[in-house]
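Visitor: Protein chains in written order, with my numbering: chain A, 420 to 765; chain U, 420 to 765; chain X, 216 to 534; chain G, 216 to 534. The structure follows.
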Amino acid sequence: MTETMTYREALAFAAAKEMDADPTVFVFGLDVPDHKRIFGSTKGLVEKFGPSRCFGTPLSEDAMTGVAIGAALSGLRPVHVHIRADFLLLGMNQIANVMSSLRYMSGGALRVPLVIRAVIGRGWGQGAQHSKSMHGLFGHFPGIKVGLPTSPQDAYSMLRAAIRDDNPVILLEHRWLYDIEGSVDEQYLPPLPGPVVVRQGTDVTVACTSWMTIEAMKAADVLARHGVRLEVIDIRTVAPLDETPVVSSVAKTGRCIIADYDWLYAGFSAELAARLAHHCFGVLKKPIERIGFAPVPCPTTRPLENLFYPSAVQIIRAVERLLDLDSIDLSQESFYSYEERFKGPF
Amino acid sequence: MTETMTYREALAFAAAKEMDADPTVFVFGLDVPDHKRIFGSTKGLVEKFGPSRCFGTPLSEDAMTGVAIGAALSGLRPVHVHIRADFLLLGMNQIANVMSSLRYMSGGALRVPLVIRAVIGRGWGQGAQHSKSMHGLFGHFPGIKVGLPTSPQDAYSMLRAAIRDDNPVILLEHRWLYDIEGSVDEQYLPPLPGPVVVRQGTDVTVACTSWMTIEAMKAADVLARHGVRLEVIDIRTVAPLDETPVVSSVAKTGRCIIADYDWLYAGFSAELAARLAHHCFGVLKKPIERIGFAPVPCPTTRPLENLFYPSAVQIIRAVERLLDLDSIDLSQESFYSYEERFKGPF
Amino acid sequence: MNKGEGLRLYRTLTLIRRAEEAIRLHYGEDDMKTPVHLSIGQEAIPVGVCHVLPEGSPMFGTYRNHALYLALTEDTDRFFAELHGKEAGMGRGKAGSMHLCEPSRGLLATSAVVGTTIPLAVGAALAQAYRHLRQPVAVFFGDGAAEEGVFWESLNFACQRSLNLLFVCEDNGLAIHAPAADRRGFSSITQAVGGFRCCTATADGSDLSAIIEATRALYRDMEADKQPGLLHVSYFRFLEHVGIGEDFFTGYRQAPSDQERRERDPLIRFSSHLLSLGYHPAELRAIDVEVDDQICRSIGRARSADYPTAEALYEDLWV
Amino acid sequence: MNKGEGLRLYRTLTLIRRAEEAIRLHYGEDDMKTPVHLSIGQEAIPVGVCHVLPEGSPMFGTYRNHALYLALTEDTDRFFAELHGKEAGMGRGKAGSMHLCEPSRGLLATSAVVGTTIPLAVGAALAQAYRHLRQPVAVFFGDGAAEEGVFWESLNFACQRSLNLLFVCEDNGLAIHAPAADRRGFSSITQAVGGFRCCTATADGSDLSAIIEATRALYRDMEADKQPGLLHVSYFRFLEHVGIGEDFFTGYRQAPSDQERRERDPLIRFSSHLLSLGYHPAELRAIDVEVDDQICRSIGRARSADYPTAEALYEDLWV
Ligand SMILES: Cc1ncc(C[n+]2csc(CCOP(=O)(O)OP(=O)(O)O)c2C)c(N)n1
Ligand SMILES: Cc1ncc(C[n+]2csc(CCOP(=O)(O)OP(=O)(O)O)c2C)c(N)n1
Ligand SMILES: [Mg+2]
Ligand SMILES: [Mg+2]
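Printed below as a string of structure tokens:
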């Protein structure tokens, strides 16, 4: 039952599987059923399940978030999709004041089995209002689970796990991951998974979220040719956070880089760094390095956008600092740049 | 020109001073001009400056945040007041997508001299939807300054500095501070101030925000009687954050507690801990301890609310851990508990 | 309305009123550590609406929810236990006054943030449609909530999808202390929503019979049009916004005359109505006594009940 | 409309159209790395409204802002430099297509998040009232934006405070690919806002003269009533939502017939109108040539201009 598919296909496949298995599951949100299908990630759903289980909405993110909560309270399992995570800021009251707390406030009488999917990541110069990620921010509010699937298998398994979860879950999907192909075992259905070591190494631990895992793997390839072995860990579920796999890794390497796809300030990287600094005290040979967005809104122009986003190059430079290496000549390396592959308009 | 006044009086005094000095300053928000005057903090403004410069609004937090931004773009200096920080979640799109970025996105052509004041902190069993603080969360978005005045002098000077600042500033005021009296020098008008050492000590650094400064001072009093000297630092301006005074203090003490008035996960405490762990690497004798809200929504009932909120007792216990002290008998101590002093209904 | 119905309605109204009078009596003792937004003057609205809608219909409300909670549950035990922050409360002491709910009786959620349960009700109505059921859903909210964008988004979506949803606007002309004229760019809420595909009706919130009648008529229209409805009910808030006192002395509004007090008090109005229909004063008095007795016992139980233990702090976060 | 005015209007319309046609021509070269939401079909709306309102009136728009930006500035240099991400762009390459502004010409802000500039315009109108000025403020937004709660909150506040604000709803019947019927719980936007204290008017967005006339009449009403106004203008979006292509083949809507194309094209409509008034074709052709020349030079400058340097990344965050 293992098939090769893209990340976007894995998302659509997972939704279809859950909708097949459970008639209370439905998928909705702006543009969900149009011909573009949220970059293809809801493909086939409206054909197979009809417009009552896969539908668009007015532009009303605040109310639609509440609608999802109300439907979840009524025993349904809504999957609410947003083509940009930035739009979730319009639903923050429902997310942080209502969705996160209804169960607790009711002493356990209520449950909110709701999934919010939102796309993060770079497009064609999207700029400051279409580039936020905010996974740490959502995790800040107790009562919300937050995941960032990286591989097609994760996209498949985590979306299915999120839909089956009786708690609210936010999944953030980096747009550049959508094209990635991988094998997907459709029987693999664990609950929302914790951090996974995606590459073993001995010299430096790189704990990553989302697209940064791909960048870290690239950095690891380059560094391997210079005799440096990175251990790359994909966090996957950032809240609730199980940091123990990272702690174990750092116990081995003594050095750690956190490569997060967000601003550093009070982001997920800060939480993980604070926990690791605590749990790995005395084990760390050097201070933890954090890598993330530059501390400004995202600019649109090419050269500045390239400086804004974290990359394999930054990881390599941080490794050099941690290991006191000379600067590696990277001029012959080719790094991820969807400049070539990724074209506009959106 | 130094006068003794309460924190609430200092806030009203500061607003009146700025409104006197600058006709573009106005104060607005729900309930701002009613007879309760936001716990007294807008007292006298409507009488002195009239309803065109001090007025209430419909219940429309999203639009009113945008209105403040639009007025600021037009050369006015609005002060937008919220009786609870939780309501800012309704304005998050304007705050994080617009207010924070307009200047940057316009290449410096626009400026948004806007102040948002919001009350945080405990009332009479307010519960999960009236207890958030979120200063780290606001600081997460580059382009927003965030301050938490603790003393009446800070309330006065920081509100005046915020109004004079040409950037957007969010000030969060703990409600229990409102009754605190102190001397206020009305000539003291620095820009938004950084961390200040409010009590010198040699054994453990306690870096605090807002009400936790009061709790830390209490803990310091108790511990002083047991021969322990806390150095207490009030951060005041959490974003942009200047951590150097804390770094210097930790260089001396080698031990640090961060006592924040928020959840830990990706909150301000995480950011400060991550920075200190980095900059104080090798200097720290023990891992940094973080103290904040319990990782659940805020419950209303007395015993659970008391467990939810961080306190001097938790600071004392953390100090014991850091210094390997035996547990101090606190049964004869009396701690802050507004149970006695603070009565309902709101 | 047959005799039994009349007495049942009188009992519910009385239960709400006496429960809140008991809160007023005991609140100063500081055992109820929770902000209370009392319903006095507003009781007839949920009583009337809940009387008309089928039992078990999903309902949503605000922090001013005592009347709605008691109209649906008549359970003063869990009510007072919650106000006292006890484990036996409906939310184990985590809800307090502002977040009462009772899903087993249809009360799905109430909220301290104005307007936030309105879209939840839309979601519940969507769930009805999703399951091809036609049980109506009702959401109660204040006039101030109609200024929040989420009300308009919810109204639009409910109308677009022809949901079986009753919006009940409880209009006391105040948002805390701010009068309607300072907040509204329209002259009446029913007129403001007039451009949407929904049915509307109005009623006097002091008159239980009128509320029942208006709700019935509106619900018939909703069924006929297969569109949502908005019931606008004006009422007089006798007390301060939050807390147990009167606040006419603060000057933002006029104290009512004695005659106005009588006219705007739904309990006085309804008992006069029953008496005029030939109900016997003794019948009503018997209910009063029985209700007081129930409340007194509930308060006693709440007082002596246990607080949640420390472990409860971390419970009920995840399923 | 005197002769000079007619030619000026023609020039502005043409400038917008040819600038966007130039974008369509060059976009595939990937030098303009920014998502473009083209105005083709919609140009007459900002041209007409800006023609009527006093010069320098504060204006706000959306990501679909090329027409508004060029109508106000006629500055293709800074426009193309921005689309090319160059230091000489209006936002030093940080704005891109979706965030154009030019405060010196009254264009205060545009935004990529639907609806978000509407309350900003209310704030600007409040600032006018605050200063006892009566300069009108205008905000342009799509029909989809009228579904966002913030539109209703803004409308309510503007009406409550009698602000001098013109809401301009540019209605193409689409939000990306979603038709109006799937999004609206009302039959028309003017009817939906009918319960608010604001003046309304409608116009055909393909007809510049009609837009000018409707705006004039509405503005007179606004001045007479001292209330805000809402101008509803329907137009045909010729291209895909974002990007440079047509997308009729995708099947979510019908391709227009040739006659429909001519009827819904504001430039064709306006030039026919001018010709029928006796303008000479050569006059118009001279403008076309001059405009093309301007655009060509601007694109050349934009291409050879410098990108911002690395330090610019950290600039413009704080004042
Ligand atoms: C979103 C939000 N803004 C502000 C408040 C503070 N607040 C609590 S009740 C209230 C007035 C609400 O008025 P209305 O909706 O008419 O209800 P009423 O209290 O009159 O029943 C306000 C402003 C809040 N709880 N939530
Ligand atoms: C708040 C928000 N939600 C969703 C989007 C994605 N989006 C971009 S444009 C658009 C359609 C807007 O339609 P309309 O307001 O009619 O403007 P038009 O594009 O037709 O000019 C949507 C849904 C967005 N940018 N902002
Ligand atoms: Mg009210
Ligand atoms: Mg449109």
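Positions of the beta carbon are idealized from the N, C-alpha and C atoms, including for glycine.
1) Kindly list, in the order they appear in chain A, the residues whose Cβ is closer than 9 Å to that of VAL408(X).
2) Considering only C-alpha positions, which residue in the set HIS299(X), ALA296(X), ARG307(X), LEU285(X) is nearest to ARG320(X)?
3) Below 9 Å between beta carbons is the criterion; list the residues of the segment 266-285 of chain X that meet it against any residue of chain A, in chain order.
4) Using only Cβ atoms and a threshold of 7 Å, which residues come within that distance of a heavy atom of ligand 1? Order them by chain position.
5) Say whether chain A places a C-beta atom closer than 8 Å to the C-beta of TYR467(G).
6) As a quick exercise: from ALA685(A), THR461(A), VAL588(A), ASP573(A), pick the residue whose alpha carbon is nearest that of ASP653(A).
7) I'd like the list of long-range same chain contacts for HIS645(A), defined as Cβ closer than 8 Å, with 5 residues on each side in sequence excluded.
8) Just the Cα atoms here: how many angstroms apart are PRO503(G) and GLU258(G)?
9) Kindly indicate which three-state DSSP category PHE761(A) falls into: helix, strand or coil?
10) According to DSSP, is GLY219(X) part of a helix, a strand, or is it coil?
11) For the alpha helix (DSSP H) containing ILE260(X), list its first residue and its last residue.
12) Consult DSSP for TYR467(G) and reduce its assignment to one of helix, strand or coil.
13) With a floor of 3 residues, list each beta strand (DSSP E) that falls wholly inside the segment 530-584 of chain A, ordered by position along the chain.
14) Can you say whether PHE382(X) is buried or exposed, counting buried as having 16 or more other CB atoms within 10 angstroms of its CB?
15) Evaluate PHE451(G) with the Cβ neighbour count: other Cβ atoms within 10 Å of its Cβ, from every protein chain shown; 16 or more gives buried, anything less gives exposed.
16) Chain G partners of CYS374(X), CB-CB under 9 Å?
17) Does DSSP classify TYR684(U) as helix, strand or coil?
18) Assuming TYR597(U) contacts PHE458(U) under a Cβ cut-off of 8 Å, what Cβ separation, rounded to an integer in Å, is found between them?
19) Do ALA731(U) and GLU634(U) have their C-beta atoms within less than 8 Å of each other?
20) Got a sec: which bits of the segment 413-443 of chain X sit with their beta carbon under 9 Å from any beta carbon on chain A, in order along the chain?
21) Who are the near neighbours of PRO269(X) in its chain, counting only those whose CB is closer than 8 Å to its CB and skipping five residues on each side?
22) Taking just the CA atoms, how far does LEU507(U) sit from LEU492(X)?
23) Is the beta carbon of HIS252(X) less than 8 Å from the beta carbon of HIS456(X)?
24) Would a check of beta-carbon distances place GLY338(X) closer than 8 Å to chain G?
25) Look at the alpha carbon of CYS384(X) and the alpha carbon of CYS384(G), and state the distance between them as a whole number of angstroms.
26) Going by alpha carbons, who is nearest to PRO718(A) out of ASP507(G), LYS309(G), THR291(G)?
27) So which residues of chain G does ASN379(X) contact, with C-beta pairs closer than 9 Å?
28) Quick one: list the residues of chain G neighbouring VAL715(A), beta-carbon separation under 7 Å, in chain order.
29) Return yes when the Cβ of PRO334(X) is within less than 8 Å of the Cβ of SER702(A), no when it is not.
30) Just checking: is the beta-carbon of SER479(A) within a distance shorter than 8 Å of some beta-carbon in chain G?
31) Which first and last residues belong to the beta strand (DSSP E) in which ARG496(A) is found?
32) Please give me, in chain order, every unbroken run of the beta strand (DSSP E) with length at least 3 that falls completely inside the segment 290-370 of chain X.
33) Give, in chain order, every residue of the segment 474-501 of chain X whose Cβ lies closer than 9 Å to some Cβ of chain G.
34) Excluding the 5 residues flanking GLN513(U) on each side, which residues of the same chain have their C-beta closer than 7 Å to its C-beta?
35) Counting only Cβ pairs nearer than 8 Å, list the residues of chain G close to LEU370(X).
36) Exposed or buried, what is PHE765(U) when buried is set at 16 or more other beta-carbons lying within 10 Å of its beta-carbon?
Guide: Taking the geometry as given:
1) Under the 9 Å cutoff, chain A gives no residues; its nearest Cβ is about 15 Å from VAL408(X).
2) LEU285(X)
3) PRO273, PHE275
4) LEU449(U), ASP450(U), LEU478(U), GLU480(U), ILE502(U), ARG503(U), PHE506(U), LEU509(U), HIS252(X), THR277(X), TYR278(X), ARG279(X), ALA327(X), VAL328(X), VAL329(X), GLY330(X), PHE356(X), GLY357(X), ASP358(X), GLY359(X), ALA360(X), GLU363(X), GLU385(X), ASN387(X), LEU389(X), ALA390(X), ILE391(X), ARG452(X), HIS456(X)
5) yes
6) ASP573(A)
7) LEU744, ILE747
8) Checking the displayed sequence, the identity of residue 503(G) turns out to be Asp instead of Pro. Roughly 16 Å between the two C-alpha positions.
9) Per-residue confidence for PHE761(A) stands at a pLDDT of 44, beneath the threshold of 50, marking its modelled position as unreliable; no derived number is given.
10) helix
11) 259-267
12) coil
13) 534-539, 564-566
14) buried
15) buried
16) ARG399, GLY400, PHE401
17) coil
18) 5 Å
19) yes
20) none
21) GLN350, PRO351
22) 52 Å
23) yes
24) no
25) 29 Å
26) LYS309(G)
27) Per Cβ cutoff of 9 Å: no residues; ASN379(X) is ~14 Å from chain G at best.
28) LEU528, TYR529, LEU532
29) The sequence as given places Val at residue 702(A); Ser does not occur at that position. Not a contact, by the Cβ cut-off of 8 Å.
30) yes
31) 496-501
32) 322-326, 352-357
33) none
34) ASP481, THR484, GLY485, ILE488
35) GLY400
36) Its pLDDT being 47, under 50, PHE765(U) is placed unreliably in this model, and the value from its coordinates should be taken loosely. By the neighbour-count rule (16 or more Cβ atoms within 10 Å), PHE765(U) is buried.
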